[in-house]
Structures are given as C-alpha cells and as structure tokens.
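Student: My questions will all concern the structure given below.
Numbering (this note's numbering), first residue to last: 755 to 1056.
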C-alpha cells in the first residue's frame, strides 16, 4: 500500500462519517479522530463516539485520551497526528483523518499563524479575570476588541478566547490581523473529501440522532459525570450535548424536554458553521455519503 494518499475526510455533525468509515475501511484503514470532544473519557453518548464494535473493525486514534478537565488544543492535535501517520503507514494501512472540528483540519493543512507568545503576566491576569468574571464576560470583550475572531470562535471555547485576548493584550493587535498561512504545508499526496447532504435532510438526521442519544441514556451519562465531580466549567463539559444540562433545575430554566430541543438547535447551528468553514478550504471534493460505494470513489486504489 506504499504511496497511498493521505485521506482527510470531514463534514458536519450527523452527516454520516462513521457509517462511511465502517462501510469502506475495515481491514484496510485506521482513523485519526479530528474531533475535539471525542478525546474525553466518559463522554460517549453525547459525542456520538464510535462504539467499541466499530473501533474493533476500524482502529481509531485520539479517542478517550484525556480527562474532561484537560484542555486540548489544535496544536496538540497536529503534533499527535503527525506522530501517528507514519506508525499507521508502517502497518500498511490507509490513514484516514476524520472528524468535524474544522480548525483542526485547517491547522493541520496550513499550520498556525505566527503570533507572539503571551507574557506570563498577561496570561495570569486573564485567568484571574476568568475566575472572577466568567467566560461570557471575556467573550463579550473579545467581540468588542476583535469581532472577526469573535465570529470564528465559539462562546464556549475557553482556550481560544483566552488566546485571542492574550494576543491582543500582548501586541495591541487583534488576532485576526495576523495572516493565516496560505499554502498547504503537506509535501505528500492527499485527498480532501467533504461529506455533504441537503440541509433539510441533514437537520432531520441531527434531530433523530439527538433523540437516539436520549434513548441511549444521555441524561444518565451527564448525571454520572457530575457525580464524579465534573463541572460546567470543565473543557469536556462545555461541548454541545453536555453544557445544556447545566440549565436543568435552575429557576426559570429548562426542563429535560427543553434540554433535548436545545441540543438539537445547538447542533443544527454548529453544523451550519461547520459547513461554512469547510467550504472555505480550497481543493475539497464534495460528495453525498451515499454516492461513495468504494475506495475508488475517493481516488484511492489499492
């Protein structure tokens, strides 16, 4: 299998990446997960983590590697991925980098913008403000100082919010003013495959998947995590499918049924943002998952 292209397979949440992987890659491929939530142990149902049965047929990497209290960055993803690729290829397998965390793919392909290291004083001050004021206050400040970065960064992404503010207060320049690298840094063959469905079809799948998560026991999974001591501010608990539960039981806040509806709504919004971001990447071949019948449809010939 020498000389096979690296396959970068991405698409919005609920589009059918895992189903396609299970259809095409048993016995021939291994997956490097590009998902910022599936790295966390114990977050199984709400992240739609591939089941042990799926992972026994197609090995997956970068799943269940961190405690939910730990932060995981795009830089760590790139570093780990670069270490894994030659190991997988030595086993004679196709490398499939697959997931929905768009900026992981961008940073893997193009690298990170050259921004200065923040001073320890700036970082310490921002962490103190995070504890005192909360993340929403810092996110509002980011949107005021750097609205372009605020649009790109999720209101729940503590690491990226703090990093953008660090850059601003260290340099006096917004993070968005630092140019992104424009040329791919990969010096090897690769395929960019984007999975896409009609928006109405995708949204139906998302809503159905959330319903299935609740049938599988998502509320109980969250309750178990809280009983283990995990809290709303922990990185793993800030993702869609987990953060919404922290509004349960508060005066005037959500019922369990409303939590489910909020997860569906948040997931649809996230899918829309994912599609917009992925479409900004050049060189993507967009395909409906059902149209892919063989590896040849992905430009891979064994």
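Even glycine gets a Cβ: it sits at the ideal position worked out from N, Cα and C. Because the structure is a prediction, the values reported are computed rather than measured.
1. Does residue 858 come out as helix, strand or coil in the three-state DSSP assignment?
2. Quick check on the burial criterion: 16 or more other C-beta atoms within 10 angstroms. Buried or exposed for residue 755?
3. Could you please give me the residues that DSSP links to residue 945 through a beta bridge?
4. Look at the alpha carbon of residue 817 and the alpha carbon of residue 802, and state the distance between them as a whole number of angstroms.
5. Among residues of its own chain, excluding the 5 on either side of residue 774, which ones have a beta-carbon nearer than 8 Å to its beta-carbon?
6. Nearest to residue 768 by CA position, among 887, 863, 850 and 1029, is which residue?
7. Judging by CA-CA distance, which residue of 1038, 781, 988 and 837 is the nearest neighbour of residue 938?
8. Please give the ranges of any beta strand (DSSP E) in the segment 980–1044, keeping only runs that are unbroken, at least 3 residues long and fully inside the region.
9. Return the Cβ separation of residue 1017 and residue 998 in integer angstroms, given the expectation that the two are a contact with Cβ distance under 8 Å.
10. Could you give the distance in angstroms between the alpha-carbon of residue 893 and the alpha-carbon of residue 1002?
11. In chain order, what residues of the same chain lie with their CB nearer than 7 Å to the CB of residue 857, ignoring the 5 residues before and after it?
12. With the cut-off set at 7 Å, would you say residue 994 and residue 1020 are in Cβ contact?
13. Return the first residue and the last residue of the beta strand (DSSP E) that residue 784 is part of.
Tutor: According to the structure data:
1. helix
2. Here residue 755 scores only 48 on pLDDT, less than 50, and its place in the model should not be relied on; the value that follows carries that caveat. The residue is exposed, with fewer than 16 neighbouring Cβ atoms inside 10 Å.
3. 761
4. 11 Å
5. 763, 949, 1043 and 1046
6. 1029
7. 1038
8. 1039–1041
9. 5 Å
10. 23 Å
11. 828
12. yes
13. 783–788
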